[in-house]
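In what follows, a structure is listed as structure tokens, so that the remarks can point back to it.
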Ligand SMILES: Nc1nc2c(ncn2[C@@H]2O[C@H](COP(=O)(O)OP(=O)(O)OP(=O)(O)O)[C@@H](O)[C@H]2O)c(=O)[nH]1
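Numbering (the working numbering), first residue to last: 182 to 389.
Encoded structure:
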């Protein structure tokens, strides 16, 4: 059983302060779109934010809204809170600025984590690790807490302390899983590119 987690506690500075989770894509906010995709495989869904009221109107009662224990410290603070409070052992964590989160990719990540008995499975796509579309075991909470206590806030710092498996582009592609899930949008320009690509390719199938 996998818990799905959406990190939505950022400051959205590069987006000019407009909350990335609430950007509209085809009549749905990004977070609504993510919840719809993630709920297909996750019996538990968590949104981690430092502004819970903002998300009440866009989630239903099945979604838990939690806050960081270390607010304002970046994605690692959200990862720590989610891993600390999850009801399941394994957690699929995504950034709220990813329009194409992929349940099929998460399924492969979980499979690889379990096979290797690793602490996490991290995509390696387009030459980059994607720790914000990855699966973690909740035992990583302890290392995340240690890093936060040391004021070491990089997510890659967590990867230096836990045993993780990379899952490469060709492994996703070998299963017929596209790697568009790695797309994230930080600026108005990147968001315009997403909107443009949606117009030219209307059937994106939500990254599956
Ligand atoms: N829970 C939580 N999530 C965070 C925090 N900081 C960033 N995130 C989320 O982590 C993901 C990646 O964040 P970034 O793009 O690095 O930062 P951001 O604050 O969203 O954007 P910028 O202000 O432009 O850097 C996004 O989904 C953010 O909402 C935080 O302090 N707590």
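Cβ coordinates follow ideal geometry from the N, Cα and C atoms, glycine included.
Quiz item: Got a sec: does ligand 1 put a non-hydrogen atom nearer than 7 Å to the Cβ of residue 219?
Solution: No, ligand 1 has no heavy atom inside 7 Å of this Cβ.
Exercise. For residue 283, count neighbouring C-beta atoms within 10 Å of its own C-beta (all shown protein chains included) and say buried if the count is 16 or more, exposed if not.
Key: It counts as buried.
Quiz prompt | First and last residue of the uninterrupted alpha helix (DSSP H) at residue 204 | solution = Segment: none, residue 204 is in no alpha helix (DSSP H) and carries neither H nor E.
Quiz item: Hey, does residue 348 have any beta-carbon neighbour from chain D nearer than 8 Å?
Solution: The structure shown has no chain D; it contains just one protein chain.
Exercise. To the nearest angstrom, report how far apart residue 388 and residue 359 are at their CA atoms.
Key: Confidence in residue 388 is poor, its pLDDT being 48 and thus under 50, which makes the residue's placement too unreliable to answer from.
Exercise. Determine, using beta-carbon pairs with one atom in the stretch 203-216 and one in the stretch 291-308, whether at least three such pairs fall under 8 Å.
Key: They do not touch, by the three-pair rule.
Self-check item: Whole-angstrom C-beta distance between residue 289 and residue 242, which should lie under 8 Å
Solution: About 30 Å separates the two Cβ atoms, so there is no contact after all.
Quiz item: Using the C-alpha atoms, what's the distance from residue 281 back to residue 386?
Solution: Interpretation of residue 386 is limited by its pLDDT of 49, a score under 50 that renders its predicted location unreliable; no figure is taken from the coordinates.
Quiz item: Where does residue 210 fall in DSSP's three states?
Solution: In the three-state scheme derived from DSSP, where H, G and I count as helix and E and B as strand, residue 210 is classed as strand.
Quiz item: Shortest alpha-carbon distance to residue 185 belongs to which of 192, 221 and 252?
Solution: Taking only the C-alpha atoms, the option nearest residue 185 is 221.
Practice problem: Check each candidate in 182, 279, 183 and 250 and name the one with the smallest Cα separation from residue 366. | Solution: It is 279 whose Cα lies nearest to the Cα of residue 366.
Quiz item: To the nearest angstrom, how far is it from the Cα of residue 323 to the Cα of residue 264?
Solution: Residue 323 and residue 264: Cα-Cα distance of roughly 9 Å.
Quiz item: Are the stretch 301-310 and the stretch 332-348 touching by the rule of at least three beta carbon pairs closer than 8 Å?
Solution: These segments touch.
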